[in-house]
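A short worksheet on the structure shown next.
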Amino acid sequence: MSDCCHGTDNWEELERGYRAMLPADVLAFIDANRAKEHSESMLIATLHMVQGHFGHLGPGHLEAVAQLMQVPLAKVTGVATFYHYFRLQPRGRYLINVCLGTACYVKGAEKVAQKLTEELGIHFGETSKDGIFSLESTRCVGTCGLAPVVMIGDEVHGPLSPSQIPTLLEGYLARAAEDMMANSASEPK
Ligand code: FES
44 MSDCCHGTDN WEELERGYRA MLPADVLAFI DANRAKEHSE SMLIATLHMV QGHFGHLGPG
104 HLEAVAQLMQ VPLAKVTGVA TFYHYFRLQP RGRYLINVCL GTACYVKGAE KVAQKLTEEL
164 GIHFGETSKD GIFSLESTRC VGTCGLAPVV MIGDEVHGPL SPSQIPTLLE GYLARAAEDM
224 MANSASEPK
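For the sequence shown, the positions run 44 to 232 when the working numbering is used.
Here it is as structure tokens:
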């Protein structure tokens, strides 16, 4: 993959392909700022818009942003990987947010977090291979009386001990399997 291909004979064709990968509001933002100096903050704003649309930043999105903004791909990738709020993988069906606020922390949130990473086989910021779970951490979710707390989607679980994690995850796996079966049953034959 080259960092920039504006000098190539088929740039117009390539540009059409890159533009097809991004939503209209992002293209309008890039076009409006094309003549300006591309500061890092403008690049970050563009990546936020792309992530807001797709939920994550895939390799194709990064390449399209780099080419259309005329910024080296290495710089775009560097920014996307440096800031923790950018996601490079699609989010799983269920987002698990472990509260690491003070009340949860003193009640053992770290051990709960450790158990989750072991059970899921992923680190914070990652998505399980089956695409079911994404693991993230958060600060106080406002239910300190239930500490330590884990949010899965918009459901709050607490107080939780590490030994409860496998059963909790199994419940969501069963729910995901049921949803998938219901969806495949409703698909036209
Ligand atoms: S610190 Fe976890 S809910 Fe308040």
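Even glycine gets a Cβ: it sits at the ideal position worked out from N, Cα and C. These numbers come from a predicted model, not from an experiment.
Three-way DSSP call (helix, strand, coil) for Glu213 in this model: Against the sequence shown, residue 213 aligns to sequence position 170. If DSSP states are grouped into helix, strand and coil, Glu213 belongs with the helices.
Just to check my reading of the structure: Asn226 and Val193 have Cβ atoms closer than 8 Å, yes? What is that Cβ distance to the nearest angstrom? Residue mapping note: residue 226 aligns to position 183 of the sequence shown, counting from 1. Residue mapping note: residue 193 aligns to position 150 of the sequence shown, counting from 1. At roughly 26 Å, the Cβ-Cβ gap does not stay under 8 Å, so Asn226 and Val193 are not in contact.
First and last residue of the uninterrupted beta strand (DSSP E) at His127: Walking along the sequence shown from the start, residue 127 turns up at place 84. Unbroken run through His127: none, as it is neither H nor E.
Restricting to Cα atoms, I'd like to know which of Pro66, Leu143, Gly185 is closest to Met92. On the sequence shown, position 49 is the one that residue 92 refers to. Met92 has its Cα closest to that of Pro66, out of Pro66, Leu143, Gly185.
Reduced DSSP category for Leu138 - H, G, I as helix; E, B as strand; rest coil: Taking the sequence shown and counting its residues from 1, the one referred to as residue 138 is at position 95. Residue state, collapsed to three classes: strand.
Spatial neighbours of Met44 in its chain, beta-carbon cut-off 7 Å, leaving aside the 5 residues before and after: Numbered from its first residue, the sequence shown carries residue 44 at position 1. For Met44, the predicted structure reports a pLDDT of 45, less than 50, and the residue's modelled location is therefore unreliable. A value from the coordinates is still provided. Same-chain partners within the cutoff: Glu106, Leu116.
Alpha helix (DSSP H) containing Ile195: first to last residue? For the purposes of this step, residue 195 is identified with residue 152 of the sequence shown, where counting begins at 1. Segment 193-195 is the beta strand (DSSP E) holding Ile195; no alpha helix (DSSP H) there.
Per the DSSP calculation, His200 is bridged to which residue(s)? Within the sequence shown, numbered from 1, the residue matching residue 200 stands at position 157. Partner(s): Val193.
Could you tell me how far apart the beta carbons of Met64 and His104 are, in whole angstroms, since I believe they sit closer than 8 Å? Within the sequence shown, numbered from 1, the residue matching residue 64 stands at position 21. Within the sequence shown, numbered from 1, the residue matching residue 104 stands at position 61. That belief holds up - the Cβ atoms of Met64 and His104 are roughly 6 Å apart, short of 8 Å.
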